[in-house]
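Colleague:
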Amino acid sequence: MTVRRRTANYQPTAWSHSFVQSIKTDTADAFQAKRIDALEEEIRAAMNDDKAEPFAILLLIDDVQRMGLGYRFEEDIERALYRYVCRGECIGSKDRTLFTTSLAFRLLRQHGFEVSQDVFKSFTDESGKFLNNLEDDIKGILGLYEASYMAFEGELILEEAKTFSTKHLRHFINLGNIKTGLDDQVKHSLELPLHWRMQWQEGRWWWNEISLANKLPFARDRLMECFVWTVGMAYEPRFSNCRKGLTKVTSLITIIDDVYDVYGTLDELELFTDAVERWDVKVVDNLPQYMKVCYLALYNTVREMAYYALKEHGQNIIPYLTKPAELEMGETASSITCYMLEKGASEEVAREHINKFIVLAWNKMNKQHQVCNSMFGKSFIQMAFNLARISHCTCHDGDSHGAPDIRSKKRVHSLLIEPITITGKRNSNKGSHERKVQVFSEDHRVKCFSEAGISHL
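Just so you know, UniProt numbering puts 298 at position 298 of the sequence shown, and the rest follows in order with no gaps.
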């Protein structure tokens, strides 16, 4: 009997093996490396300048972080913010503008400092509404909007700040009276607030060797997209092995998801689920051929990761990697689809409903970030935030993982291929030269997604 199988008609990958392997960081030379080091020292010196105007330091920190370079200055940023607090700078005092207060509030909360929402009370009336004389301060309102996304659950002043700023920013856009440069920033922030965005926009050889894309043609070949996820979660150079492992895992998850949702029969899926739960390579003989390929790729990849963890950290992680988990069968419905079917609502209403849960989840995460005695390390917490950010980035304008389009392709080019342009001077009579520089090592070929502040470097 012939088994009729479904097909999802997934798009083929846009990234060939030879193309990805050809990406090199050949642009670096001695001059560029020296120039980069000099720029880094200039920034570090500015951050540690006790005589500098405090708000200028905050602007510098914000620019550096928007470029995704904050990890290079972690200690300097912490010292600068600690110095700002110890000086007794009152970010909500009468002589502070809405923009300066909002920026200081956002940066301090982002780095775990305790700062109350009450700093915005000086900009509200007795009823808690923001003052009417703020309505023409576009830059200040944009800063307030970004700061409002650092809210904890139940912070009414920040909820009002979000409502007030969103309303007026949309009004400014509709009127078209925002000065050039700021209008694009406002539109970008209304689409996705800064706190929810990725700070950054080698597994191809492994993928080519196991050859799952060729052996399982019904499944999605999304290695590059999976790598972008991992860069979004852990972009710092020291997390190279973490990125490699996560890329492999997410690539395999994508394949297995298609086995369950698209290709496998119920009987076959029960066999595969049992094989994964047993975690015994001997049971592979009970599986159909295409599942043998998938199971062995999963089995060998997990054992490879476990070997590395044991060798480098002395920890046996096999029990954590092979713990049974629920594997749903059949077509997977999104939360939006479920709400539409359950309530008979439109897609727009459903999206608005689900977005409330997303905002609530962010508020809880913001609060937990302030917990001093967390059982999790700072790097782990940051990766959790980054996972949420890359989820927004991937799904904001559609499913760029399941159905990548020209925007997702441009994102990969911006993230991994196009170098940052800086200006420097050689010791010659030719003057200034515009140089295209890959600021990072071969392993760390990434540049920021956010283009705000690039010119400052």
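For each residue, glycine too, the CB sits at the ideal point set by N, CA and C.
Identify the continuous alpha helix (DSSP H) that holds residue 87 and give its terminal residues.
Modeller: That residue, residue 87, is in no alpha helix (DSSP H); it is neither H nor E in DSSP.
Colleague: According to the neighbour-count rule (16 or more other Cβ atoms, all chains shown, within 10 Å of its Cβ), is residue 193 buried or exposed?
Modeller: buried
Colleague: Can you confirm whether the segment 360–369 touches the segment 144–164 when touching is taken to mean that 3 or more C-beta pairs between the two stretches lie within less than 8 Å?
Modeller: Contact annotation: the segment 144–164 touches the segment 360–369, with at least three C-beta pairs closer than 8 Å.
Colleague: Does DSSP put residue 301 in a helix, in a strand, or in coil?
Modeller: helix
Colleague: Check whether the Cβ atoms of residue 69 and residue 104 lie closer than 8 Å to each other.
Modeller: It is not a contact, given that the beta carbons lie outside the stated cut-off.
Colleague: Nearest to residue 61 by alpha carbon, out of 284, 97, 108?
Modeller: Per the Cα distances, 108.
Colleague: Hey, is the segment 235–243 in contact with the segment 259–266, meaning 3+ C-beta pairs nearer than 8 Å?
Modeller: no
Colleague: Along the chain, which unbroken stretches of the alpha helix (DSSP H) at least 4 residues long are found entirely within the segment 102–175?
Modeller: 138–148, 156–175
Colleague: In chain order, what residues of the same chain lie with their CB nearer than 6 Å to the CB of residue 111, ignoring the 5 residues before and after it?
Modeller: 81
Colleague: Would a C-beta distance cut-off of 8 Å place residue 138 and residue 165 closer than the cut-off?
Modeller: no
Colleague: Please list, in chain order, all residues of the same chain as residue 254 whose beta carbon is under 6 Å from its beta carbon, the five residues on each side excluded.
Modeller: 220, 222
Colleague: Sorted by chain position, which residues of the same chain lie with C-beta nearer than 7 Å to residue 73's C-beta, five sequence neighbours on each side aside?
Modeller: 43, 44, 47, 64.
Colleague: Can you tell me whether residue 281 is buried or exposed, with buried defined as 16 or more other CB within 10 angstroms of its CB?
Modeller: exposed
Colleague: With the cut-off set at 8 Å, would you say residue 461 and residue 393 are in Cβ contact?
Modeller: The requested residue 461 is not part of the displayed model; the chain covers only 1 to 457.
Colleague: Roughly how many angstroms separate the alpha carbons of residue 246 and residue 113, rounded to a whole number?
Modeller: 31 Å
Colleague: Quick check on residue 33: does DSSP put it in helix, strand or coil?
Modeller: helix
Colleague: With a floor of 3 residues, list each beta strand (DSSP E) that falls wholly inside the segment 353–388, ordered by position along the chain.
Modeller: none
Colleague: Determine the burial state of residue 343: buried for a count of at least 16 other Cβ atoms within 10 Å of its Cβ, exposed for fewer.
Modeller: exposed
Colleague: Once the 5 residues before and after residue 479 are set aside, which same chain residues still bring their CB inside 8 Å of it?
Modeller: There is no way to answer for residue 479, as the model of the chain reaches only from 1 to 457.
Colleague: What's the gap between the Cα of residue 39 and the Cα of residue 268?
Modeller: 58 Å
Colleague: Please identify the residue among 173, 149, 377 whose C-alpha is closest to the C-alpha of residue 162.
Modeller: 149
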